[in-house]
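A.B. asks: One structure is given below, represented as C-alpha cells, and several questions about it will come after.
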Amino acid sequence: AQSVTQPDIHITVSEGASLELRCNYSYGATPYLFWYVQSPGQGLQLLLKYFSGDTLVQGIKGFEAEFKRSQSSFNLRKPSVHWSDAAEYFCAVSGNTPLVFGKGTRLSVIA
Amino acid sequence: DAGVIQSPRHEVTEMGQEVTLRCKPISGHDYLFWYRQTMMRGLELLIYFNNNVPIDDSGMPEDRFSAKMPNASFSTLKIQPSEPRDSAVYFCASSFLRTGTNTGELFFGEGSRLTVL
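Top line first, the protein sequences correspond to chains V and R.
Read the first sequence against my numbering and you will find it ends at 141, with the numbers running on by one and no gaps.
Read the second sequence against my numbering and you will find it ends at 118, with the numbers running on by one and no gaps.
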C-alpha cells in the first residue's frame, strides 16, 4: 500500500529565507504526487502536482517541487518565504487508489 | 465555480445524538471523498464514491458511521450515535478522472468541525 512520510512536524523560517519541506513516499510503481496547503480553518488547496514528464514541477504562489525516484522523495521548495505562507503543508501520493496524505508540516514564518 | 460546499461548518452536539454532515461536489466531478482530520491521525479517508456508487468504505471506523450519495450533486455522512472521540474536522472532496491517469487531484470543501460533548 502507498504511504507518505513528512519527517518535519514543524518548521520555522524567517521571512525572505528559502524553504524546503521534505516528503518521502512508498509506492511500488510510478506515483502521482501532490502538495496541498491548508490555512487555519480552511480546506486544502492544491499547490502543485506531478504525474509524469519533467521531474521539476512549478506550482502556485512561487512553489516548486522535484520528484526524485532514486530517493522516493518529492520535496517542496520556495526561494523566498512570505509571511502569508504560514500554514500546514501536506504531501500526498496516489497510485491506483485515492490520495494518501502525510501527517503534514506546520510552517511558521517570523519577521 | 462554487467549489465544494459543506454544511454545517461547525456542529456541537451531545454524546448519543445523531449528526448529519452534507456535501455538494463540484458540478461534473464523478468522484466524491469523505476524509476525517484529527491531530493524532491526520487526514484519513473514510469512504469514496464514483458516479454515486460507494467504491471503498473500508475507512469508515464503525457501524455508527454511514454515507450516502443519492445523486451526483449531494452526499451525506451520518454518525449515529455520536461519541466524543468522533470530534474532528470532516472534509468532503471531489474530483474527475483525467485521461491517462488513475486519479485526479482533489478539490476540498472548507470542512465541518464536529465537537461531541
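Cβ atoms here follow ideal geometry from the backbone N, Cα and C, with glycine treated the same way.
Just so you know, these numbers come straight off a predicted model, no measurement behind them.
Check the DSSP bridge columns for Trp35/R and list the partner residues they point to.
C.D. replies: Ile48/R and Cys93/R
A.B. asks: Decide yes or no for the touch test of the region 89–103 of chain V against the region 48–60 of chain V: beta carbon pairs closer than 8 Å, at least 3 of them.
C.D. replies: These segments touch.
A.B. asks: Please check if any C-beta of chain R sits within less than 8 Å of the C-beta of Lys133/V.
C.D. replies: So, interface residue.
A.B. asks: Leaving aside the five residues before and after Gln68/V along the sequence, list all residues of the same chain whose C-beta is less than 8 Å from its C-beta, in chain order.
C.D. replies: Leu74, Gln75, Ala117, Glu118, Tyr119, Phe120 and Gly134.
A.B. asks: Comparing C-alpha positions only, which one of Thr39/R, Gln38/R, Leu33/R and Ile80/R sits nearest to Phe97/R?
C.D. replies: Leu33/R
A.B. asks: As a quick exercise: from Asn52/R, Arg10/R and Arg114/R, pick the residue whose alpha carbon is nearest that of Pro85/R.
C.D. replies: Arg114/R
A.B. asks: Under three-state DSSP, which class holds Asp57/R?
C.D. replies: strand
A.B. asks: Taking the beta strand (DSSP E) that Met16/R falls in, what are its first and last residues?
C.D. replies: Looking at the DSSP string, Met16/R is not in any beta strand (DSSP E), and its letter there is neither H nor E.
A.B. asks: Between the C-alpha atoms of Pro37/V and Phe108/R, what's the straight-line distance to the nearest angstrom?
C.D. replies: Inter-residue distance for Pro37/V and Phe108/R is about 25 Å (C-alpha atoms, whole angstroms).
A.B. asks: Can we say the region 125–134 of chain V touches the region 43–63 of chain R, given the rule of at least three CB pairs closer than 8 Å?
C.D. replies: Cβ pair count under 8 Å is three or more, so yes.
A.B. asks: Give the interface partners of Leu63/V over in chain R, defined as CB-CB distance under 9 Å, in chain order.
C.D. replies: Here the premise fails: no neighbours, minimum Cβ distance about 11 Å.
A.B. asks: Val54/R: buried (16+ other C-beta within 10 angstroms of its C-beta) or exposed?
C.D. replies: exposed
A.B. asks: Using a Cβ distance threshold of 8 Å, determine whether the region 12–25 of chain R contacts the region 79–90 of chain V, with at least three qualifying pairs required.
C.D. replies: no
A.B. asks: Using 10 angstroms around the beta-carbon of Thr100/R, count the other beta-carbons present and answer buried if the total reaches 16, otherwise exposed.
C.D. replies: Confidence at Thr100/R is low in this model, with a pLDDT of 49, below 50, so the placement of that residue is unreliable and no value is reported for it.
A.B. asks: Locate the beta strand (DSSP E) running through Tyr80/V, then write down its first and last residues.
C.D. replies: The continuous beta strand (DSSP E) containing Tyr80/V extends over residues Leu74 to Tyr80.
A.B. asks: Would Glu50/V count as contacting chain R if we go by Cβ distances under 8 Å?
C.D. replies: no
A.B. asks: Quick one, which residues of the region 43–55 of chain R are near chain V if we go by CB-CB under 8 Å, in chain order?
C.D. replies: Gly43, Leu44, Leu46 and Tyr49
A.B. asks: Measuring straight from C-alpha to C-alpha, what distance separates Ala141/V and Pro109/V?
C.D. replies: Using only the alpha carbons, I get a separation of about 16 Å.
A.B. asks: Taking only the alpha-carbon atoms, compute the straight-line gap between Ala73/R and Ser28/R and give it to the nearest angstrom.
C.D. replies: Rounded to whole angstroms, Ala73/R and Ser28/R show a C-alpha spacing of 8 Å.
A.B. asks: In chain V, which residues lie with their C-beta within 9 Å of the C-beta of Gly29/R?
C.D. replies: Correct list: empty, because the minimum Cβ distance to chain V is about 17 Å.
A.B. asks: What do you reckon, are the CB atoms on Phe92/R and Gly60/R nearer than 8 Å?
C.D. replies: no
A.B. asks: May I ask you to list the residues that DSSP assigns as paired with Phe66/R?
C.D. replies: Ile80/R
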